[in-house]
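A short write-up of the structure that comes next.
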Amino acid sequence: MKCKHWKKIPSCCVGDLVCAFNLNGDFDSDNWNCYLMNQLRDIAEENKVWSDDQYCSIIPYGEGGRFAVLYWYKSRGKTEKFWIIGWDENQHTMIRKGTEFDALEIVNEHVKRDDL
Numbered sequence: 001m002k003c004k005h006w007k008k009i010p011s012c013c014v015g016d017l018v019c020a021f022n023l024n025g026d027f028d029s030d031n032w033n034c035y036l037m038n039q040l041r042d043i044a045e046e047n048k049v050w051s052d053d054q055y056c057s058i059i060p061y062g063e064g065g066r067f068a069v070l071y072w073y074k075s076r077g078k079t080e081k082f083w084i085i086g087w088d089e090n091q092h093t094m095i096r097k098g099t100e101f102d103a104l105e106i107v108n109e110h111v112k113r114d115d116l
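Position 108 of the sequence shown, counted from 1, bears residue number 108 in the working numbering, the numbering being contiguous throughout.
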């Protein structure tokens, strides 16, 4: 699906821009230069770790000990994994795929922090 978050396509992006979120808002690893996912990866750059051209980063998300985990290959346009890790209402570990709603909340949360 063409990325719906771009307002204006930058000249740096080659190829089709494929959204990281399907019509239901669920993460889809078949993505390329998704605007929203690129924003998350910009935030993730602050604390990424590297191993054999693979990168991983953990981003604090909201309250209650939640985190977003992103996983990608090199610094290209595809994000391979996007998970949310935290606790459920019964204090059990919760791991699930990230959603478009999660991504928007994380970006908005970090933009507000950076503006302080």
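For every residue, glycine included, the Cβ atom is placed at its ideal position computed from N, Cα and C.
Please report the distance separating the alpha-carbon of Gly62 from that of Ile106.
Their Cα atoms are separated by approximately 8 angstroms.
Buried versus exposed call for Arg41 [16 or more other C-beta atoms within 10 Å across all chains shown]:
Per the 10 Å Cβ criterion, buried.
Going straight from the alpha carbon of Ser57 to that of Asp16, what length do you get?
One C-alpha to the other measures close to 25 angstroms.
Quick check: what's the CA-CA separation for Trp87 versus Gly98?
The C-alpha of Trp87 lies about 14 angstroms from the C-alpha of Gly98.
Boundaries of the beta strand (DSSP E) in which Gln54 is found, first to last residue:
According to the DSSP assignment, Gln54 belongs to the beta strand (DSSP E) that extends over 54-60.
Tyr55 classed as buried or exposed, judged by whether at least 16 other C-beta atoms fall within 10 angstroms
Counting other Cβ atoms within 10 Å of its Cβ, Tyr55 reaches 16 or more and is therefore classed as buried.
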